[in-house]
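K.L.:
Mind looking over this structure? Questions follow.
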Amino acid sequence: MFTLLNVVVFFLLTGYAFKLMFSNPSYVKLSKTEKVLLSGREKFLLLTMVSGMVMVGVDLGINLSALRLMVWIGMILLAFVLYTKSPKLSGVFIPYILFLLWLALSLAWTVDIGYGIRAYLKYIYPFLIMLFAATFVRSRDFIYVAMRWMIFTSFIYSLFLGGFMTHVLGIWSFYANGLFWPMSTLADYLGIMSGLSFLMWWRTGEKKYFLLIGWFFLSAVFQSVRTGLLAILIVSMVAFYIRYRLKALPFIAGIFLIALVSVLFIPQVRDKMFYDPSAVNTINDLETVNTTQIDSNGRFAMWEWTLNRLYEPNPLVGSGIGMTQYTFYEINHPFYPIRVIHNDYVQMLADNGEIALFLYAFFVLIAIFVAFRNTTNKTPEYLLNTSFLVITSFTATSVAMMTDNVVLYVLAVFSYPFIFLGIMIAYHNIHKAELSAQNTEGTQ
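Sequential numbering from 4 applies to the sequence shown in this note's numbering.
Right, here's the structure in full:
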């Protein structure tokens, strides 16, 4: 039954996406009294942003989740062919373009081209959806529509897939055997959505959005997903700083205190954090903690083994894109039946070496720097909002990539900062056009 449900949802979602992509402009609901006119491409992007947690992961000879990724790439490329001949590039994109070129070059020395291409698709999709957003978003109100719909869907996902439903009530059927991404992905996703919820609270003043961050936090606590907890806490710190600057220090200290309390006194977190939870009861106890006392589920050993085997022989260039997956799927290894290493940075080093990690990190830092320059009072709100989301979403994914497979969750997690960055570039161009028009009017 669940397999049939996955197949039906895949075809319905794909068909609806095609319909939206090539549809005429129409109005989309913003609030009870407001509607916004969006193009077909903008409606397709909106659907992509609210449906990221839909996995459709059943395998029917070909994994439907992988097929969905290829279909989305195909639709994006088709849109460029049919609707424009000049994608909106930006200097911010250059490090990631070089990153993609380096990954493509490494196909020449990888052992398995199939795994290499599979990995490459997960890196190229974020670039394509970023370029798509930069090119086709033309409505200044698009970000407001996206924020409303995303906050609503994130609450629905957290309600039915989150820790209260699964670990308190014990109801797992909503995951429908792969219809949605697993709980670890949800926790990473909610790390991004916590930044969005903070922004909604900032803009509307409604406390329900601030309380929603706490709900997201509880979901990760109940599910004992440490990566998601860390992402939510650090994103909250960054969000407070963007809004209040140095006045945010008391809030940041409070969040840090919440993190300590969580580790020390919340059983779901403490029991999963340490090999011997009873030995860590006070802040002073934390001073004696080292990696041998932290329950890593074998990840430290797995990372060391992977780096020794795939990175150390060629630190600068790695072993070739896709080699980590090939090793864990096709070769006998001491961590069987584990298939993923739960660290995207280790995988980048193992596959493509220090050059790849440098290019990717440089891209993220440049994107955050450019976005941070837009977080001033002189910036129009639509551009400030998007810049805020660029910073908080890259923060969330960068944290989650340390202990999870965020690139694997490309539709659900990894692509969101790229989408926001693309929208920010589109809005930057709109703002420049507005200033130019104002200057022209002033000289007449």
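Glycine included, C-beta positions come from ideal geometry on N, C-alpha and C. On a predicted model such as this, the values are computed, not experimentally measured, just so you know.
#1: May I ask you to verify whether the stretch 115-129 touches the stretch 74-92, counting CB pairs closer than 8 angstroms and requiring at least 3?
#2: Does the beta-carbon distance from residue 137 to residue 210 come in below 8 angstroms?
#3: Does residue 40 come out as helix, strand or coil in the three-state DSSP assignment?
#4: Measure the alpha-carbon distance for residue 402 versus residue 98 and round it to whole angstroms.
#5: Looking only at C-alpha atoms, which of 51, 245, 163 sits nearest to residue 152?
#6: Check each candidate in 371, 53, 257, 381 and name the one with the smallest Cα separation from residue 149.
#7: When the distance is taken between beta carbons, is residue 345 closer than 8 angstroms to residue 302?
#8: Would you call the stretch 347-360 and the stretch 316-335 in contact, with 3 or more CB pairs under 8 angstroms?
#9: Can the beta-carbon of residue 193 be found closer than 8 angstroms to that of residue 239?
#10: Can you check the stretch 306-340 for any alpha helix (DSSP H) of at least 4 residues that lies completely inside it and give the ranges in chain order?
#11: Please classify residue 342 as buried or exposed, where buried requires at least 16 other C-beta atoms within 10 Å of its C-beta.
#12: Between the stretch 422-439 and the stretch 220-231, do at least 3 Cβ pairs fall closer than 8 angstroms?
#13: Hey, quick one: how far does the beta strand (DSSP E) through residue 29 stretch, first residue to last?
#14: How should residue 248 be labelled, buried or exposed, when 16 other C-beta atoms within 10 angstroms of its C-beta is the threshold for buried?
#15: Does DSSP put residue 57 in a helix, a strand or coil?
#16: If you run the structure through DSSP and keep just helix, strand and coil, what is residue 377?
#17: Pull up the distance between the alpha-carbon of residue 85 and that of residue 131, whole angstroms please.
#18: According to DSSP, is residue 407 part of a helix, a strand, or is it coil?
#19: Determine the direct distance from the alpha carbon of residue 61 to that of residue 181, and round the result to whole angstroms.
#20: Going by other Cβ atoms of all chains shown within 10 Å of its Cβ, with 16 needed for buried, is residue 318 buried or exposed?
#21: Using the three-state DSSP reduction, which class does residue 183 fall into: helix, strand or coil?
#22: Short check: CB of residue 393 to CB of residue 370, under 8 angstroms?
#23: Assuming residue 82 and residue 135 make a contact with CB atoms under 8 angstroms, what is their CB distance in whole Å?
#24: Closest to residue 5 by C-alpha separation, out of 63, 117, 27, 41, would be which residue?
#25: Please report the straight-line C-alpha distance between residue 388 and residue 331, rounded to a whole angstrom.
#26: Excluding the 5 residues flanking residue 350 on each side, which residues of the same chain have their C-beta closer than 7 angstroms to its C-beta?
#27: Compute the Euclidean distance between the alpha carbons of residue 414 and residue 408, then round it to the nearest angstrom.
#28: Under 8 angstroms between the Cβ atoms of residue 203 and residue 424?
#29: Would you kindly check if the distance between the Cβ of residue 139 and the Cβ of residue 42 is under 8 angstroms?
#30: Using the DSSP secondary-structure output, state which residues sit across from residue 62 in a beta bridge.
#31: Label residue 376 either buried or exposed according to how many other C-beta atoms from any shown protein chain fall within 10 Å of its C-beta, with 16 as the threshold for buried.
#32: Report yes if the CB atom of residue 431 is closer than 8 angstroms to the CB atom of residue 362, and no otherwise.
#33: With distances taken between CB atoms, is the gap from residue 38 to residue 31 smaller than 8 angstroms?
#34: Cβ of residue 235 within 8 angstroms of Cβ of residue 220?
#35: Whole angstroms is fine: what's the gap from residue 314's alpha carbon to residue 336's?
P.N.:
The relevant details are as follows:
#1: Under the 8 angstroms Cβ criterion, the stretch 115-129 counts as touching the stretch 74-92, having at least three qualifying pairs.
#2: For the 8 angstroms CB-CB criterion, residue 137 and residue 210 do not form a contact.
#3: Residue state for residue 40 is assigned as strand, using DSSP reduced to three classes.
#4: Straight across, the Cα-Cα distance linking residue 402 with residue 98 is about 20 angstroms.
#5: Answer by Cα proximity: 51.
#6: Nearest option by C-alpha distance: 53.
#7: In this structure, residue 302 lies near residue 345, with their beta-carbon atoms less than 8 angstroms apart.
#8: Segment contact: the stretch 347-360 against the stretch 316-335, three or more CB-CB distances shorter than 8 angstroms; contact assigned.
#9: In this structure, residue 193 lies away from residue 239, with their beta-carbon atoms at least 8 angstroms apart.
#10: Fully enclosed alpha helix (DSSP H) runs of 4 or longer: 326-333.
#11: With fewer than 16 other Cβ atoms from the protein chains shown falling within 10 Å of its own Cβ, residue 342 counts as exposed.
#12: Taking a cut-off of 8 angstroms on C-beta distances, the stretch 422-439 does not touch the stretch 220-231, as fewer than three cross pairs fall below it.
#13: Counting along the chain, the beta strand (DSSP E) containing residue 29 begins and ends at 29-32.
#14: Label assigned to residue 248: exposed.
#15: Of the three classes helix, strand and coil, the one that applies to residue 57 here is strand, per DSSP.
#16: Note: residue 377 maps to coil in three-state DSSP.
#17: Residue 85 and residue 131: Cα-Cα distance of roughly 15 angstroms.
#18: The answer is coil: DSSP assigns residue 407 none of H, G, I, E or B.
#19: The straight-line gap from Cα to Cα measures roughly 6 angstroms.
#20: So residue 318 counts as exposed.
#21: The three-state secondary structure of residue 183, taken from DSSP, is strand.
#22: Taking 8 angstroms as the cut-off, the Cβ atoms of residue 393 and residue 370 count as close.
#23: About 7 angstroms; that satisfies the 8 angstroms criterion.
#24: Measuring from the Cα of residue 5, the nearest candidate turns out to be 63.
#25: The straight-line gap from Cα to Cα measures roughly 41 angstroms.
#26: Excluding residues within five positions, the ones whose Cβ falls inside 7 angstroms are 327, 344.
#27: In a straight line, the C-alpha of residue 414 is about 12 angstroms away from that of residue 408.
#28: No, Cβ-Cβ distance for residue 203 and residue 424 is not below 8 angstroms.
#29: Contact: yes.
#30: Paired residues: 66.
#31: Exposed, since its Cβ has fewer than 16 Cβ neighbours within 10 Å.
#32: For residue 431 and residue 362, no; Cβs fall outside 8 angstroms.
#33: Between residue 38 and residue 31, the CB-CB gap stays under 8 angstroms.
#34: Yes. Within cutoff.
#35: Their backbone Cα atoms lie some 16 angstroms apart in a straight line.
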